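**Student:** Sharing a structure below in structure tokens format, with a few things to ask.
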Amino acid sequence: MSSSVVELNARLLAPSGRIRGFIDRTLVRTLKEERDLPVFKFLIQMAVVLWSFAAALYVWGSPPWWLLLGYCAAALIYTPPYILALHVSSHRGVFKPGFRWLQTIAVWLLGPFAGQSPETYRVHHMGMHHTEGNMPDDLSSTMAYKRDEVLHFAHYFGRFFFFVQLELGLYHARRGHWRLLRQLIVGEASYLACLGLLLVLNPSVTLAVFVFPLLLARVGMMCGNWAQHAFIDASDPANPYRNSITCIDSPYNRRCFNDGFHIGHHVKPNRHWSEMAEDFLRNRSRYEAEGAIVFRGLDYFEIWVLLMLKKHRVLARRLVTHASLSEDQRDALIRSRLLPVRLSD
Numbered sequence: 001m002s003s004s005v006v007e008l009n010a011r012l013l014a015p016s017g018r019i020r021g022f023i024d025r026t027l028v029r030t031l032k033e034e035r036d037l038p039v040f041k042f043l044i045q046m047a048v049v050l051w052s053f054a055a056a057l058y059v060w061g062s063p064p065w066w067l068l069l070g071y072c073a074a075a076l077i078y079t080p081p082y083i084l085a086l087h088v089s090s091h092r093g094v095f096k097p098g099f100r101w102l103q104t105i106a107v108w109l110l111g112p113f114a115g116q117s118p119e120t121y122r123v124h125h126m127g128m129h130h131t132e133g134n135m136p137d138d139l140s141s142t143m144a145y146k147r148d149e150v151l152h153f154a155h156y157f158g159r160f161f162f163f164v165q166l167e168l169g170l171y172h173a174r175r176g177h178w179r180l181l182r183q184l185i186v187g188e189a190s191y192l193a194c195l196g197l198l199l200v201l202n203p204s205v206t207l208a209v210f211v212f213p214l215l216l217a218r219v220g221m222m223c224g225n226w227a228q229h230a231f232i233d234a235s236d237p238a239n240p241y242r243n244s245i246t247c248i249d250s251p252y253n254r255r256c257f258n259d260g261f262h263i264g265h266h267v268k269p270n271r272h273w274s275e276m277a278e279d280f281l282r283n284r285s286r287y288e289a290e291g292a293i294v295f296r297g298l299d300y301f302e303i304w305v306l307l308m309l310k311k312h313r314v315l316a317r318r319l320v321t322h323a324s325l326s327e328d329q330r331d332a333l334i335r336s337r338l339l340p341v342r343l344s345d
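Numbered according to our numbering, the sequence shown terminates at residue 345, and the numbering increases by one at each position without gaps.
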């Protein structure tokens, strides 16, 4: 287990983490830490590709369908890593104080191209999710659901898609979080106003450039959060080792800034993304002792698909922890962790 994770982490950091030439040295001057150079370079690449592509489509006016489809393909490539770059920057901050305007650009001018209304991700993730930790007051909690049931996921997704901002606003209002509430309202209202105007001016291009990424992001975030918090130990649901999962040896970690190490992230939310694999290696005995769920060679979306198809046996075979159990026992463990959890249990 350890050698493969070390190799993956080395491949993640070595190619893109080195400081190479004048451009890299210039970019690093804006960053709090050199380690975040890959995040900044990704944001620049995404901005160059999607802004220029979108501008060309709007200038064209009525582009052919295959160009619109091409834009959707580009959005499919850039949206997941953007959300995780946003995740990284929300937790630790990437830019030095004098360069925080770059973060504003990334949130306000780049975020909508990845289906993110400005400020709302941070208001939800930092202001609510990490405060509540997937417990019942967490608006994205999976505890009440049977997490291998399609209808249960449909209810979960529908609630998030249509009511998340309303519920989030009420959550912060009840707790007197007025600054977060103001950021939520301004960000969401600005986004919806601009989206509505663009739909009137050019519906076909706007559907590809902004509506498709919105659908993609919300589906992806809900499938991801469902998988991240699907395998809950009812005897200790507040324990991050027992209400979250970790994915190792997956290309997703390379693409999305080690997001697969979700247990380690909940144990220490401000841990730097480049330290996730090393932390897992140092503490793998703790993972075993806690009964943590660690999968090899799967990402969150693949796990979500396997859950919806009730492929418990496939999940059991990919389980790295609980190695002393037989395959049948691991299958039974997987199934037991998917049942609805009530605190009275």
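Beta carbons are placed, not taken as given, at the ideal position from N, Cα and C, and that holds for glycine.
Please read all numbers here as calculations on a predicted model, not as lab measurements.
Please give the ranges of any alpha helix (DSSP H) in the stretch 107–186, keeping only runs that are unbroken, at least 4 residues long and fully inside the region.
**Tutor:** With a minimum length of 4 residues, the continuous alpha helix (DSSP H) runs that stay inside the stretch 107–186 are 120–124 and 150–174.
**Student:** Report the residue from L325, S204, R218 and L216 whose alpha carbon sits nearest the alpha carbon of V59.
**Tutor:** Closest by alpha carbon: S204.
**Student:** Between M1 and L338, what straight-line distance do the alpha-carbon atoms span, to the nearest angstrom?
**Tutor:** For M1, the pLDDT reaches just 44, beneath the cut-off of 50, and the residue's location in the model is therefore unreliable, although a value from the coordinates is still provided. Their backbone Cα atoms lie some 25 angstroms apart in a straight line.
**Student:** Taking the beta strand (DSSP E) that I293 falls in, what are its first and last residues?
**Tutor:** Residues I293 to R296.
**Student:** Between G220, A332, S90 and A227, which has its C-alpha nearest E119's C-alpha?
**Tutor:** If we check each option's Cα against that of E119, S90 comes out closest.
**Student:** How would you label R342, buried or exposed, when you count the other beta carbons within 10 angstroms and need 16 or more for buried?
**Tutor:** Label assigned to R342: exposed.
**Student:** Quick check: the stretch 135–142 against the stretch 163–172, are at least 3 beta-carbon pairs closer than 8 angstroms?
**Tutor:** At 8 angstroms Cβ cutoff, the stretches touch.
**Student:** Can you list, in chain order, the residues of its chain with a C-beta nearer than 7 angstroms to that of R353? Leave out the 5 residues immediately preceding and following it.
**Tutor:** For the chain, the structure presents residues 1 to 345; residue 353 sits outside this window and is missing.
**Student:** Tell me the DSSP secondary structure of I334 in three-state form.
**Tutor:** Helix at I334.
**Student:** If we ignore side chains and look at the alpha-carbon of each, how far apart do Q329 and I293 end up?
**Tutor:** Rounded to the nearest angstrom, the two C-alpha atoms are 14 angstroms apart.
**Student:** Between which two residues does the alpha helix (DSSP H) holding C247 run?
**Tutor:** It is not in any alpha helix (DSSP H) - C247 instead sits in the beta strand (DSSP E) that spans I245 to I248.
**Student:** On the three-state DSSP scale, how would you describe L343?
**Tutor:** The answer is coil: DSSP assigns L343 none of H, G, I, E or B.
**Student:** Please classify T26 as buried or exposed, where buried requires at least 16 other C-beta atoms within 10 Å of its C-beta.
**Tutor:** Classification of T26: exposed, given that the 10 Å Cβ count is below 16.
**Student:** Here's the rule: buried if 16 or more other CB atoms are within 10 angstroms of the residue's CB, otherwise exposed. What is H262?
**Tutor:** H262 comes out buried.
**Student:** C223 and F301 look like a contact to me (Cβ under 8 angstroms); what is the Cβ gap, rounded to whole Å?
**Tutor:** Going by Cβ atoms, the distance from C223 to F301 rounds to 6 angstroms, so yes, they are a contact pair.
**Student:** Alpha helix (DSSP H) containing A73: first to last residue?
**Tutor:** Counting along the chain, the alpha helix (DSSP H) containing A73 begins and ends at W65 to R92.
**Student:** In this structure, how does DSSP classify N283 when only helix, strand and coil are distinguished?
**Tutor:** Looking at N283 - three-state DSSP - the assignment turns out to be coil, as it is neither helix nor strand.
**Student:** Quick one: grab the DSSP three-state call for F95.
**Tutor:** Here F95 sits in strand by DSSP.
**Student:** Please tell me whether R271 and G264 are closer than 8 angstroms, where the distance is taken between their beta carbons.
**Tutor:** In contact: R271 and G264 (Cβ atoms closer than 8 angstroms).
**Student:** Does DSSP classify F42 as helix, strand or coil?
**Tutor:** Note: F42 maps to helix in three-state DSSP.
**Student:** Out of curiosity, what's the CA-to-CA distance linking F211 and A234?
**Tutor:** Phe is not the amino acid found at residue 211; the sequence shown has Val there. So the two alpha carbons sit approximately 38 angstroms from each other.
**Student:** In terms of alpha-carbon separation, which member of V305, K96, D279 and V123 lies closest to L31?
**Tutor:** Measuring from the Cα of L31, the nearest candidate turns out to be K96.
**Student:** How many angstroms separate the CA atom of F231 from the CA atom of R242?
**Tutor:** About 7 angstroms.
**Student:** Roughly how many angstroms lie between the CA atoms of R147 and V219, to the nearest whole one?
**Tutor:** Each residue's Cα considered, the two are about 16 angstroms apart.
**Student:** In the DSSP assignment, what are the bridge partners of L31?
**Tutor:** DSSP lists F95 as partners of L31.
**Student:** With a threshold of 8 angstroms, are at least 3 pairs of Cβ atoms found where one atom belongs to the stretch 167–181 and the other to the stretch 79–89?
**Tutor:** No: the two stretches stay apart, fewer than three of their Cβ pairs being nearer than 8 angstroms.
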